[in-house]
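J.: Residue numbers (my numbering): 94 to 211. Pasting a structure here, questions to come.
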């Protein structure tokens, strides 16, 4: 797999609240593109980063590791990372490793945005 299997959009939906939306497969080859797209919002103190996984069909350990790294970096600056819309095999992988202990997980993007802007 390669970077061509992943597209990423970034949208600021409120002050200090950014939605990162990858579409496709997140693996060791494509995760650097996702990390690069996440970079600009991470510079803000108190950043709320929402990763909308509703369009992700596959996520290997590199993608999961990236979520951990994003969480550590954002939390160190007083912010939070949440995940929205994970389903299928992606949700199963996140559930098996108990990702909800570290990140807020929401079934929909709307719910994640509501929490981040509350």
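All residues carry an ideal CB built from backbone N, CA and C; glycine is no exception. What you are looking at is a predicted structure, and each value in this text was computed from that prediction instead of being measured.
List the endpoints of the continuous alpha helix (DSSP H) containing residue 197.
T.: Within the chain shown, the letter at position 104 stands for residue 197. According to the DSSP assignment, residue 197 belongs to no alpha helix (DSSP H) but to the beta strand (DSSP E) extending over 197–199.
J.: Can you check DSSP and say which residues form a bridge with residue 105?
T.: Position 12 of the chain shown holds residue 105. Note: residue 105 sits in a beta bridge opposite 111.
J.: For residue 179, which residues in the same chain have their Cβ closer than 8 Å to its Cβ, ignoring the five residues on either side in sequence?
T.: In the chain shown, the residue the question calls residue 179 occupies position 86. Cβ within range, chain order: 146, 147, 149, 187 and 198.
J.: Can you grab the Cα-Cα spacing for the pair residue 209 / residue 127, in whole Å?
T.: On the chain shown, position 116 is the one that residue 209 refers to. On the chain shown, position 34 is the one that residue 127 refers to. Approximately 21 Å, taken between the alpha carbons.
J.: Of the residues 160, 119 and 177, which one's Cα is nearest the Cα of residue 203?
T.: As a first step, residue 203 is located in the chain shown; it is residue number 110 there, counting from the start. Comparing alpha carbon positions, the residue from 160, 119 and 177 closest to residue 203 is 177.
J.: With a 10 Å radius around its C-beta and 16 neighbouring C-beta atoms as the bar for buried, classify residue 181 as buried or exposed.
T.: Position 88 of the chain shown holds residue 181. Under this definition residue 181 is an exposed residue.
J.: Return the first residue and the last residue of the alpha helix (DSSP H) that residue 127 is part of.
T.: Taking the chain shown and counting its residues from 1, the one referred to as residue 127 is at position 34. Taken as a continuous stretch (DSSP letters only), the alpha helix (DSSP H) holding residue 127 covers 124–131.
J.: Quick check: what's the CA-CA separation for residue 98 versus residue 166?
T.: The residue labelled residue 98 in the question sits at position 5 within the chain shown. The residue labelled residue 166 in the question sits at position 73 within the chain shown. Using only the alpha carbons, I get a separation of about 26 Å.
J.: Taking residue 174 and residue 196 to be in contact with their CB atoms under 8 Å, please state how far apart those CB atoms are, rounded to whole angstroms.
T.: By 1-based counting over the chain shown, the position of residue 174 is 81. By 1-based counting over the chain shown, the position of residue 196 is 103. Residue 174 to residue 196, Cβ: 5 Å. Contact.
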